[in-house]
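This report refers to the structure that appears directly beneath it.
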Amino acid sequence: MIADFKEYFGRKSNNPNLFTKLNISHSTSMPGKNTVCIASSEVTKILGIHWSPADNTLNYRVHCDQNSDRVIKCQLLSEISKVFDPLGVLSHCTVLGKIILQHVWQEETDWNESISSSLNEKWEKLQVELPLLNHIKIPGHASYKDVTRLELHTFSDASENANGRCIYLR
């Protein structure tokens, strides 16, 4: 198990006690795979998600190519697929792009054909808003010291186009 930890996570942690328990030497730099990152100011990728060990937050990197006036179907699919969100934290924002793509498919647009002007307008607006997701920082832990009672709350809702869920501890 310890060998698996070292292999998969590349010896990165924000907890120095972890390395003491696992009997691993560490340093604060990240030049190679044989070093350990502890509270580094650099952001690293863990399982495809950007993680900042210094403040133990998950961060997102969203880049949209806003060069062309008219978007074709294959470009739209490519841009939507660039947002990597395996935890679904950004799904309330990214679902809008998927709904636009769904409408493009319903219009039976060819791969190299420009999308309709109404959908292109919606896409341009979303392209301006998606980079704002780069400012989101999600804490990597939940603190519950001196708590005598924990509650798990779950909400869900659906429409004709999408559904959503929210689960949190209180």
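Everything in the sequence shown is counted per our numbering, starting at -2 for the first residue and increasing by one.
Each residue gets a CB set at the ideal place from its N, CA and C atoms; glycine is no exception.
The structure presented is a predicted model; accordingly, all values stated were derived computationally and were not measured.
Euclidean distance between Cα positions of residue i and residue j
i      : j      : result
Asp66  : Gly137 : 39 Å
Gly45  : His60  : 16 Å
Glu110 : Leu147 : 53 Å
Ser113 : Phe81  : 26 Å
Residue i burial status per 10 Å Cβ neighbour count (16 or more: buried)
i      : result
Tyr141 : exposed
Ser26  : Unreliable placement is indicated for Ser26, whose pLDDT of 40 sits below 50; the coordinate value is still reported in the next sentence. Per the 10 Å Cβ criterion, exposed.
Glu76  : buried
Val144 : exposed
Trp169 : For residue 169 there is no data in the structure shown, the boundaries of the chain being -2 and 167.
Lys42  : exposed
Val70  : Looking at the sequence provided, one finds Lys at residue 70 rather than Val. It is buried - the Cβ of Lys70 has at least 16 other Cβ atoms within 10 Å.
Gly85  : exposed
Residue j beta carbon less than 8 Å from that of residue i
i      : j     : result
Tyr57  : Leu87 : yes
Gln124 : Gln72 : no
Residue i beta carbon near the ligand FAD (any heavy atom closer than 7 Å)
i      : result
Trp108 : Annotation note on the ligand FAD: not contained in the displayed structure, which lists no ligands.
Beta-bridge partners of residue i, as assigned by DSSP
i     : result
Trp48 : Thr41, Leu55
Ile97 : Answer is none; Ile97 lacks a bridge partner.
Residue i in three-state terms, based on DSSP
i      : result
Gly161 : strand
Ser140 : coil
Leu87  : coil
His150 : strand
Ser111 : strand
Lys134 : strand
Proximity test, Cβ basis, 8 Å: residue i and chain C
i      : result
Glu104 : You won't find chain C in this structure, because it holds only one protein chain.
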